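When we follow numbering that gives the first Met the number 0, the leftmost residue of the sequence shown carries the number 0, and every step to the right adds one.
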Amino acid sequence: MSPNSKALDRREFVQALISSCPQALVISGLGASSYDLFAAGDRNANFYLWGAMGGAAAMGLGLAIAQPSKSVVVITGDGEQLMGLGALATIGAQQPANLTIVVLDNGCYGETGKQTSHTRLGTDLVAVARACSFNWANKIESQNQLEPLIDRIQARQGCGLTQVVIHDNDVPKLIPPRDGSYLKNRFRQELGFAPF
C-alpha cells in the first residue's frame with residue numbers, strides 16, 4: 000500500500016458497517032479500532048480489547064466457534080493484525096463460516112507514532128488470508144464496495160478477511176469503557192449468559 004492510494008474515512012466506514020450489521024457480535028483491536036467502534040455507537044454486542052496486541056482475530060475465532068449461529072466481526076488495524084498473523088492460519092484451518100476479519104489499513108502504526116507498517120512495505124494481507132485458506136478475501140478502497148461485505152457478514156458465507164484502505168489522518172480519541180469485568184459481563188448478558 001502506498002501513501003497515495005485511494006483511501007476511506009475510517010469512522011465513516013465503521014459507522015456504515017456497524018449500522019448495517021446490527022445483529023453482529025463485534026470485537027475490536029486495541030487503540031484506534033476500538034475508538035472507531037465506540038464512535039459508531041456503544042452497544043452490549045461490542046467487545047473492546049485493551050491490550051493483547053495481535054489477539055483480536057484469535058478472540059474472534061473462539062467467539063465464532065462458540066456462537067456459530069451469529070455473525071462475528073473483528074475490526075482491527077494493520078499493525079495489530081500483522082502482530083497476529085499466526086491467527087490467520089488457525090482461522091483458515093478451522094473455517095468458521097460466521098467470522099469476518101476487517102483490517103483498517105492506514106499503512107502505519109498509529110498508536111506508537113505512525114511508523115511505517117509492513118502493509119506499506121509490501122505485505123499483502125489479502126494474499127496472506129488466501130494462502131491461509133480463507134473462504135474469501137478482498138480489498139476495499141471505496142465506500143461503494145461495502146455492500147458485498149455486509150451481504151457476506153449477514154449470510155455467514157465462510158470465513159473472510161477484508162483489508163480496508165483508510166487515510167492515516169488523526170481522528171479524535173473517543174474512549175470506550177475500560178473496565179474489563181464490566182465489558183465481559185455485559186457481553187455475556189448479550190449472549191444470554193449470567194455475569195460472573
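No residue lacks a Cβ here, since even glycine has one placed at the ideal position from N, Cα and C. Given the structure is predicted, the values throughout are model-derived calculations rather than measurements.
Pairing GLY54 with VAL71 gives a Cβ-Cβ distance that is not under 8 angstroms.
The alpha-carbon separation between LYS113 and ALA130 amounts to approximately 28 angstroms. ARG10 is positioned such that its CB atom lies no closer than 8 angstroms to that of ASP41. Following the DSSP letters along the chain, one finds ALA136 in no alpha helix (DSSP H) but inside the beta strand (DSSP E) bounded by residues 135-139. For SER27, the pairing in a beta bridge is given by DSSP as TYR47 and ILE74.
Straight across, the Cα-Cα distance linking GLN162 with LEU48 is about 20 angstroms.
By the CB criterion at 8 angstroms, ASN97 and GLU189 fall outside the cutoff.
A residue is called buried once 16 or more other Cβ atoms fall within 10 Å of its Cβ, and GLU146, having fewer, is exposed. Less than 8 angstroms divides the Cβ of LEU84 from the Cβ of VAL127.
If you ignore the 5 residues before and after ILE26, its C-beta comes within less than 6 angstroms of the C-beta of PHE46, ALA55, MET58, GLY59 and VAL73, all in its own chain and listed in chain order. If you compare the alpha carbons of ALA6, LYS5 and SER19 with that of ASP150, the shortest gap goes to SER19. It is roughly 8 angstroms from the alpha-carbon of SER116 to the alpha-carbon of LEU81. In this model, ALA88 and HIS166 are separated by some 28 angstroms (Cα to Cα). For GLY59, the enclosing alpha helix (DSSP H) covers residues 55-65. One Cα belongs to ALA23, the other to GLY121, and the distance between them is close to 32 angstroms. The beta carbon of ARG177 sits closer than 7 angstroms to the beta carbons of TRP49 from its chain, once the five residues preceding and following it are set aside; these are given in chain order.
Pairing GLY106 with GLY157, the inter-Cα distance amounts to about 27 angstroms.
Beta-bridge partners of TYR108 (DSSP): GLN114. Listed as beta-bridge partners of VAL102 by DSSP are THR75 and GLN162.
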